[in-house]
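Trainee: Mind looking over this structure? Questions follow.
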Amino acid sequence: MKNKGGNEMKRKTAIALAVIALLAIPLVWAISTTTLVYFNVASLVAYTLTLPGQSAVNANSTGAPTTAIEFNSTTGTTANVNAKVVGGTQQSDGVPIFQFDNTGTVPLNISVVLNSVTQSCVNLTGATTYAGADTGPQIGTTNVTVVNSYAPAAAAQNWYMKADFTACTAADTSTRTLYSNGVQS
Amino acid sequence: MEEMMRKNATKGLRMVLLMIAAALLFSSVQAINTGTLIYFNILSDTPPTIQFVAPTPLNGTYNATQTINVTAFDALSGLANITIYVNGSAVKTCGSSPCNYNLTNEGNYTFYATAYDFAGNSNSTETRNIAIDKTPPLIIETAVSPYAIINGTNVSLYINATGFSWLWAEIRRPDGSKENVTLTDEANTIYSNTGIIGIYNVTFYANDTAGNIVSKKDYFEAFRGLLLDLNVTNSSIIGINSTFISYYRNGTVALNQSAIGHYIIYVPNTTLDLEFYAYSNRIIVTTYNIDIIYAAGKYVGMDVRYNSDGFLVTYGAEPQWTVTDGKVRIKYDDLNYTNEDNLRLYKCEDFNFTAMTCTGTWNDVTTSSTQNKPQYYFEILVTGFSGFSIKELTTPAPCVGCGSGGGGESEKVCVEDWKCDGWAACFNGIQTRECTDMNSCGTEEYRPFTRMPCFEYCTPNWNCTKWSSCTSEQAQTRECADTNSCGTRRGMPATSQECSYSFCHDGIQNNGEESVDCGGSCEACKKLELPAIFEYAEANILCTLLPLLAVVLLVMIILARAMNTDRRYTKAFAIINILLMLAIVVMLLPSAVYRNGACMAIADTMPLIDEILRFLSVTFTIVLTEGLVLIYLKRKELLIPPEPPHKHPEGRKALILMIISTAMIIAFSISMIINIKAIADTTTEGAQAATSSFMVYMPFILPMLVLVGVLFWMKEPEPPMPPAETNRPNRQAHTPHQHYRKKRKHG
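Read top to bottom, the protein sequences are chains R and F.
So in this note's numbering, spot 45 of the first sequence is number 45, and the numbers just go up one at a time.
So in this note's numbering, spot 451 of the second sequence is number 1451, and the numbers just go up one at a time.
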């Protein structure tokens, strides 16, 4: 009787050991390798320009065209005329005429410039705030910085533009092209 | 070989990697941009918008103040002002929109408005032309002719107006329907939709383009037609050339002329004014307000005599109907007089038209007449017709054939003075008479006609029905028919008359009655008054309750005899019956009093059934009750008790039950009296209902209940004791009844 109990114990112990042994087999049989991994991030310069009510336009090297905007004066002498998407939304406080978004991987310097000077009776100014656009830098044929070191992860950058008409006549109606340039900072 | 291929592959891979690196390097330095087209627009400012808005009038004519209402808007530079121009002049300038201006006065207006913006642009409305006309059209004259028509005939509607654009008449027919008829100015328009008898209200309208409208009301009436046969004759009953005009409300209804004075025409069957012209219209006789029925078949006598009885002319006028309101016009343009101012009009007090002589006195009525010198006539209002003469006071006796002018001495000539007999009866269409010249002049220049055509009139024979019952409208009618079928209403008796309707006997609560046929103007409604019952109810008791008492006593006697009852029981039943009778009297009395006497009630149709039912029910109840009790007593062999019933145990019970029964009936009757009085104080109908329901049926119930109690309460008689000495039936044994009979028989 005593031997029988001892056998039973032995048998259970043997089973437990066998299980442990089975579990230990992979450990005993594991081998290893080493792989060098490179995380490569390309220096991509890219941004989009969005006008109110319009789809975002990806900038490119040739100047991706956006929807046209306009500044209207009903009397010929009007200050701080808001930019307005032709046939669309007019700029207002909180609704910038331009909204830049850095979609690349590098910080950007963004500036705007006209292809030619405006009529003498028209003064175009811009700023990153609505109120600031009233007295912001004049936009002409020289680049005007919208934002410098615009990080890819940063929020969208607003740009407001207003125009002052002074003693303009119908003959002063004109058309210009505004380029928005983005370069890696 | 393989080595070589491996080197080439490696070389190619290097080239690709180099190109990729170059591309990446290039892209990292290339600037990118977008292009936005910018328009700098110097807009040439658009002029403001401007427009008239409601209720600014459109072109047209208006009858009230009109408001010019203009709105303008400028989206760019903004609205500077609005200016309204009327008839070329700026009448109002507004700094903002809207801008209003009222055109108040009558007249023609041309107006527009101009708006300016701050950019100097302007815009104007269209020019409008309106007229303000507040003056309505003028209806100068309207006429409805005739005012009285025969239904179904035409009526002329006439209007004369100015300043109108449309003329029409609205006709409201007797049935309430309306109809519009377009009219023409200064022309008659025929309206023929007159089939309904009654009043047609006509409203004449005139309106203009400005909306002004005026109206004028009038009306005409449509009546049934009446065939009027009328003769205008002279004193010799010869029809004369005449004209007959009938008027209604001073409007001509019909104008007829007849050379023989005979008129058979249809006229509206109503009251008309009749006017007759004769002798070249030198005499005009007018009779006002004549019911045309009474003029049918009548004559109007009109005749003339010249130079008679010292008068220049004498006219006789005698309508065959009674005249209380009339007028006579006599022209004297054909007479020989010297001074018109001296002409006098005379009227005879009593004029014999047939003889054309005045049997009374000629009275000068010049002052009460009207002399129209331009037209040479006298006109006088009269209440009866007679002879009328004209005399020139200063003129010598007139003569015939003296020539005109007068003043000179006249030639004496014989003046014919014809007197004629009456006309003979019409025979074969001819009437004749004899005429004699009283002056025997030997001439016949003025001899009246002695023959004339006549009409053999059909003489109606009217046969009328009895008068109908008098209606609540206090009228009764009857039908009258002409058995000769003359086709005229001449002489027809009246078919309607006033009567006195008795509201108090029509079985309807009307005419202010408090109840059916009582109260108000009728006899006061009757109410139950208990204190006075016995003062005047004796007659009622005698005529209704005594027969009942007689019947009951008779029944009681019959029952008593039939049952061969003991005398003492007979007395007992007599007492009981007397008590029952008293109860019945009390029960029936309220009803009898309420009805003011059952005699009257029985004579009346309505409560007869009630009375019969009540009488039969009470009688039947008593008979049934007593009969059942007696039958019971007999079966119990208590009718021949060995001792008086009040000494017999069961007899006492029976008496007690009878008394209780009687007492209950009396009590019930008293309660009923109280109830009936209470109800009668409120309404007589309530008392009648209570009397009918309770008094008729309750007498059945209580005695029956008592009888049932008797049957269950009284004990069965004890069986006779068996004879002690023998076991067989004793042939000499007697029932108590037999024993009692035997005892009486043997003393």
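Virtual Cβ for every residue (Gly too), placed ideally from N, Cα, C.
Under the three-state reduction of DSSP, which class applies to R:VAL183: helix, strand or coil?
Mentor: Residue state, collapsed to three classes: strand.
Trainee: Check whether the Cβ of R:LEU178 lies closer than 7 Å to any Cβ atom in chain F.
Mentor: So yes, R:LEU178 belongs to the interface.
Trainee: List, in chain order, every chain F residue whose beta-carbon is nearer than 7 Å to that of R:LEU36.
Mentor: Chain F residues near R:LEU36: none, gap ~17 Å exceeds 7 Å.
Trainee: For the region 49-75 of chain R, which residues have a beta carbon sitting closer than 9 Å to at least one beta carbon of chain F?
Mentor: For the region 49-75 of chain R, which is checked against every Cβ of chain F, the residues closer than 9 Å are LEU49, LEU51, VAL57, ASN58, ALA59, ASN60, SER61, THR62, GLY63, ALA64, PRO65, THR66, THR67, ALA68, ILE69, GLU70, PHE71, ASN72, SER73, THR74 and THR75.
Trainee: Would you call the region 71-78 of chain R and the region 129-142 of chain R touching, i.e. three or more CB-CB distances under 8 Å?
Mentor: Judged by Cβ distances under 8 Å, the region 71-78 of chain R makes no contact with the region 129-142 of chain R, as fewer than three pairs qualify.
Trainee: Closer than 8 Å is the cut-off here; do at least three beta carbon pairs connect the region 1159-1173 of chain F with the region 1204-1213 of chain F?
Mentor: Yes: at least three Cβ pairs fall under 8 Å.
Trainee: Which residues, taken in chain order from the region 157-175 of chain R, show a beta carbon closer than 9 Å to some beta carbon of chain F?
Mentor: Answer in chain order: MET161, ALA163, PHE165, CYS168, THR169, ALA170, ALA171, ASP172, THR173, SER174 and THR175.
Trainee: Does chain R have any CB closer than 7 Å to the CB of F:LEU1079?
Mentor: Chain R contact via Cβ: absent.
Trainee: Please check if any C-beta of chain F sits within less than 7 Å of the C-beta of R:THR78.
Mentor: Not one chain F Cβ lies under 7 Å of R:THR78.
Trainee: Please list, in chain order, the residues of the region 116-136 of chain R that have any C-beta partner in chain F closer than 9 Å.
Mentor: If the cut-off is 9 Å between Cβ atoms, the region 116-136 of chain R has THR118, GLN119, CYS121, VAL122 and LEU124 near chain F.
Trainee: I need the boundaries of the alpha helix (DSSP H) containing R:ASP134, first residue and last residue.
Mentor: Where R:ASP134 is concerned, the enclosing alpha helix (DSSP H) stretches over 132-135.
Trainee: Mapping the DSSP letters down to three states, classify F:LEU1024 as helix, strand or coil.
Mentor: Low per-residue confidence applies at F:LEU1024: pLDDT is 41, beneath 50, and the placement is therefore not dependable enough to give any value.
Trainee: Between which two residues does the alpha helix (DSSP H) harbouring F:ALA1475 extend?
Mentor: No alpha helix (DSSP H) holds F:ALA1475; the beta strand (DSSP E) holding it covers 1475-1477.
Trainee: How is F:ALA1295 classed by DSSP in three states: helix, strand or coil?
Mentor: Of the three classes helix, strand and coil, the one that applies to F:ALA1295 here is helix, per DSSP.
Trainee: Given F:GLU1434, which residues of its chain have a CB within under 8 Å of its CB, disregarding the five upstream and five downstream residues?
Mentor: CYS1420, ASP1421 and THR1450.
Trainee: If you compare alpha carbons, which of F:VAL1086, F:SER1515, F:PHE1276 and F:SER1236 is closest to F:GLY1107?
Mentor: Ranking F:VAL1086, F:SER1515, F:PHE1276 and F:SER1236 by Cα distance to F:GLY1107 puts F:VAL1086 first.
Trainee: Contact defined as beta carbons within less than 8 Å: I believe F:THR1354 pairs with F:SER1192. What is the distance between those atoms, to the nearest angstrom?
Mentor: The pair is not a contact, with the Cβ atoms about 46 Å apart (cut-off 8 Å).
Trainee: Cβ closer than 9 Å: which chain R residues qualify as neighbours of F:TYR1039?
Mentor: ALA68, ILE69, GLU70, PHE71, ASN72, VAL86, THR173, SER174, THR175 and ARG176, listed in chain order.
Trainee: Distance check for F:ALA1090 and F:ILE1199, CA to CA, integer angstroms please.
Mentor: So the two alpha carbons sit approximately 58 Å from each other.
Trainee: Going by Cα to Cα distance, which pick from F:TYR1501, F:GLU1498 and F:ASP1482 is closest to F:MET1492?
Mentor: Among F:TYR1501, F:GLU1498 and F:ASP1482, the Cα nearest to that of F:MET1492 belongs to F:ASP1482.
Trainee: In chain F, what lies closer than 8 Å to R:ALA46 by C-beta?
Mentor: Within chain F, the residues near R:ALA46 are ILE1032.
Trainee: For R:VAL183, which residues in chain F fall below 7 Å Cβ to Cβ?
Mentor: The answer, in chain order, is ALA1031.
Trainee: Tell me, which residues are paired with F:ASN1256 by DSSP?
Mentor: BP columns for F:ASN1256 point to F:PHE1244.
Trainee: In angstroms, rounded to a whole number, what distance separates the CA positions of F:THR1071 and F:LEU1103?
Mentor: Going by the C-alpha atoms only, they are around 17 Å apart.
Trainee: Can you name the residues that DSSP bridges to R:TRP159?
Mentor: In DSSP, R:TRP159 forms a bridge with R:PHE98.
Trainee: Can you confirm whether F:ILE1042, when its beta carbon is compared against all beta carbons of chain R, has any partner nearer than 7 Å?
Mentor: Closer than 7 Å: yes.
Trainee: For F:ALA1115, decide whether its Cβ has a neighbour in chain R, counting only Cβ atoms nearer than 7 Å.
Mentor: So, not an interface residue.
Trainee: When you compare only the Cα positions, how much space is there between F:THR1286 and F:PHE1276?
Mentor: Cα to Cα, F:THR1286 sits roughly 6 Å from F:PHE1276.
Trainee: Does the CB of F:ALA1131 have a neighbour CB from chain R at under 7 Å?
Mentor: No, because no Cβ of chain R sits closer than 7 Å to the Cβ of F:ALA1131.
Trainee: Do you know how far the Cα of R:THR125 is from the Cα of F:THR1065?
Mentor: C-alpha separation (whole angstroms): 58 Å.
Trainee: Per the contact definition of three or more C-beta pairs closer than 8 Å, is the region 1177-1189 of chain F in contact with the region 1243-1257 of chain F?
Mentor: No: fewer than three Cβ pairs fall under 8 Å.
Trainee: Would F:ASN1121 pass as a contact of F:PRO1057 if the rule is Cβ separation under 7 Å?
Mentor: Result no, Cβ atoms of F:ASN1121 and F:PRO1057 do not sit closer than 7 Å.
Trainee: Against chain R, does F:ALA1119 count as a neighbour if the rule is that its beta carbon must be under 7 Å from one of theirs?
Mentor: Yes, F:ALA1119 counts as interfacial toward chain R.
Trainee: Taking the alpha-carbon positions, what's the R:THR169 to R:THR142 distance?
Mentor: Using only the alpha carbons, I get a separation of about 26 Å.
Trainee: For F:LEU1226 and F:VAL1267, what's the separation of their Cα atoms in angstroms?
Mentor: F:LEU1226 and F:VAL1267: Cα-Cα distance of roughly 5 Å.
Trainee: Note down, in chain order, each residue of its chain lying with its Cβ closer than 7 Å to the Cβ of R:PHE165, except the 5 sequence neighbours on either side.
Mentor: Excluding sequence neighbours, R:PHE165 sits near SER73, GLY76, THR77, THR78, VAL81, CYS121 and VAL122.
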